[in-house]
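Beneath this line is the structure, given in structure tokens, with notes to follow.
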Amino acid sequence: MPQPSFFAKSVPFEQIDKLAINGGYSSIYATGEPNVPVVGNWKQRFCRLADTFQPVLDRVYNFEVREDDVWIVTLPKCGTTWMQELTWLVLNQCDFETAKSIDLTIRSPFLEFNGVVSNVPHDTIEAANELSSPRLIKSHLPAWLLPHQIWTKKPKVIYVYRNPKDAAVSYFHHWRGMVGYQGSKEDWCQSFIDGYVNFTPCWPHVLDFWQLRHEPHIFFTSYERMKSNLGLVITEVAKFLQRVVTPEQVLQMVEHLSFESMRENPACNHVKEFESMKAAAGREVEEFRFVRRGVVGSHKDELTAEVIREFDLWSDVNLRDYKLNMDDFANYSKY
Ligand code: A3P
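The sequence shown begins at 1 in the UniProt record's numbering and counts up by one.
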């Protein structure tokens, strides 16, 4: 039996209780030094995940990567679906018909979804294995929990950052609508800040990819840039992937990828994932549309001044030593 690459330490019960979900949560640590080319104190680094992820982590780590894969890596609620749809169109000669008729989760699997819902009818790792090239694969895992071959075969990786306050608000609605969370928004935000929700802590996740942003196979961008100039981000992604998109196709894509079009597009609203998560939650959840509000600064009218202050303090503590602020991530362009 090969040695497992990770080990888990359970998080205190009060934290699990606060998340108001069934089942346990753990901090995941690497057993050895990960082969990601970033500086990190690996003995102290961890990622918090529901215990349902544990059988999946080694399978993901040992997943066979292909050099011509394209990976979309994000923290949840940072515009993953939006970037997946954009990138899928760039890779598939703007085939809008297929994009509208086949669910995005089939065209671009969420690799570790089996960890979110353990008895999902279609094993997502198998689905990704079977996909024909060039594959477009989504993951929310931090760099060091991704398949290790990513750092040797160096497929293209697109990382999308979003202001954590907006991402946390979006995640709160997701957790209510898709998991059945019934706790308060304040408790949710505290759990996000303390790094007790899936895929957190947030800042190390972002900072690893920030360190990697100059690598030729890494493209770091933001939800905020997609909102302010989607056409530009489309042309940058096409350049990064060495694909041609004509100015006319860019216009068509901007229309297809608009908030209004994506909101009305069933193929982009995670309907199938929603069904399996609802069944796994085993309780009624509130009416929820995945493409929800789509604005920059949604936290301003959804969080109290006190919670906003807590978030700002937390960001400052995490970024101060690096002399970085949130605008650095939101405005960065590779080109
Ligand atoms: P909000 O909940 O703030 O509206 P992810 O795909 O990573 O889960 O991200 C989901 C977030 O992206 C949601 O944010 C969703 O509304 C937003 N989103 C999805 N498609 C979008 C689009 N075309 N334009 C703007 N925002 C979009």
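Think of the CB as a built atom: it goes at the ideal place given N, C-alpha and C, for glycine as much as any other residue.
Note that this is a predicted model, so its numbers are computed, not measured.
- Message: What residue range does the beta strand (DSSP E) around L303 cover?
- Response: It is not in any beta strand (DSSP E) - L303 carries neither H nor E in the DSSP assignment.
- Within the stretch 9 to 65, ranges of the alpha helix (DSSP H) (whole runs, at least 4 residues): 13 to 19 and 54 to 61
- Message: Taking 7 Å as the limit between beta carbons, can you name the residues of its chain near K100, skipping five residues before and five after?
- Response: N265 and A267
- Task: Enumerate, from N- to C-terminal direction, the unbroken alpha helix (DSSP H) stretches of 4 or more residues contained entirely within the stretch 62 to 93.
- Result: 80 to 91
- Task: Since I believe I218 is in contact with V157 (beta carbons under 8 Å), could you give me their beta-carbon distance rounded to a whole number of angstroms?
- Result: 5 Å
- By Cβ distance below 7 Å, which residues in the same chain neighbour D69 in space, the five residues on each side in sequence not counted? P134, R135, I137 and P155
- Please determine if the stretch 36 to 52 and the stretch 196 to 209 are in contact, where contact requires at least 3 C-beta pairs separated by less than 8 Å. yes
- Would H122 pass as a contact of L75 if the rule is Cβ separation under 8 Å? no
- Message: Considering only the alpha carbon of each residue, which of V250, P216 and S258 lies closest to L241?
- Response: P216
- Message: Am I right that N114 and V56 are in contact with their C-beta atoms under 8 Å? What's the rounded C-beta distance?
- Response: 5 Å
- Query: What residue range is occupied by the uninterrupted alpha helix (DSSP H) comprising T221?
  - Reply: Per DSSP, T221 belongs to no alpha helix (DSSP H); it is in the beta strand (DSSP E), I218 to S222.
- Task: Put V296 into one of helix, strand or coil per three-state DSSP.
- Result: coil
- Message: Am I right that S26 and D51 are in contact with their C-beta atoms under 8 Å? What's the rounded C-beta distance?
- Response: 6 Å
- Just the Cα atoms here: how many angstroms apart are P4 and E186? 36 Å
- Please state if the CB of W144 and the CB of residue 354 are separated by a distance shorter than 8 Å. Residue numbering for the chain in the displayed model covers 1 to 335; residue 354 lies beyond these limits and cannot be assessed.
- Query: What is the rounded straight-line gap between the Cα of H214 and the Cα of A279?
  - Reply: 42 Å
- Query: Does the beta-carbon distance from T221 to V233 come in below 8 Å?
  - Reply: yes
- Output the distance between the C-alpha atoms of G297 and N331, rounded to the nearest integer angstrom. 15 Å
- Query: Should I102 go down as buried or exposed, given a rule of 16 or more other Cβ atoms within 10 Å for buried?
  - Reply: exposed
- At 3 residues or longer, and completely inside the stretch 98 to 180: list those beta strand (DSSP E) runs for me, N to C. 136 to 139 and 156 to 161
- Query: Within 7 Å: the Cβ of C189 and any heavy atom of the ligand A3P?
  - Reply: no
- Mark A305 as exposed unless 16 or more other C-beta atoms lie within 10 angstroms of its C-beta, in which case mark it buried. exposed
- Message: As a quick exercise: from A8, V90, N41 and T80, pick the residue whose alpha carbon is nearest that of E236.
- Response: V90
- Item | Check whether V73 and Y161 have beta carbons under 8 Å apart | no
- Message: Quick check on this structure: which residue in T98, Q182 and L104 has the alpha carbon closest to the alpha carbon of E273?
- Response: L104
- Item | For T81 and R259, the rounded distance between their alpha carbons | Sequence inspection shows Phe at residue 259; the Arg mentioned does not correspond to that position. Computed Cα separation, rounded: 11 Å.
- Closest to I193 by CA distance: which of D328, T31, D321 and L313 is it? L313
- Message: the ligand A3P and C202: does the residue's C-beta get closer than 7 Å to at least one heavy atom of that ligand?
- Response: no
- Kindly list the residues whose CB is nearer than 6 Å to the CB of T153, restricted to its own chain and excluding five residues on each side of it in sequence; keep chain order. In the sequence as displayed, the identity of residue 153 is Lys instead of Thr. For K153, where only same-chain residues beyond five positions count, the Cβ hits under 6 Å are V65 and E67.
- Query: Taking C-alpha atoms, which residue in E85, D95 and Q93 lies nearest to T109?
  - Reply: As written in the sequence, residue 109 is Pro, which differs from the Thr given in the question. For P109, the nearest C-alpha among the options comes from E85.
- Straight-line gap, G231 to D58 (C-alpha atoms, nearest Å): 38 Å
- Cutoff 6 Å; reference F311; Cβ partners in own chain excluding five residues on either side: K165
- Message: Please classify T98 as buried or exposed, where buried requires at least 16 other C-beta atoms within 10 Å of its C-beta.
- Response: exposed
- Cβ-heavy atom distance between L257 and the ligand A3P below 7 Å? yes
- Task: Using the Cα positions of R263 and F7, report the straight-line distance between them to the nearest angstrom.
- Result: 39 Å
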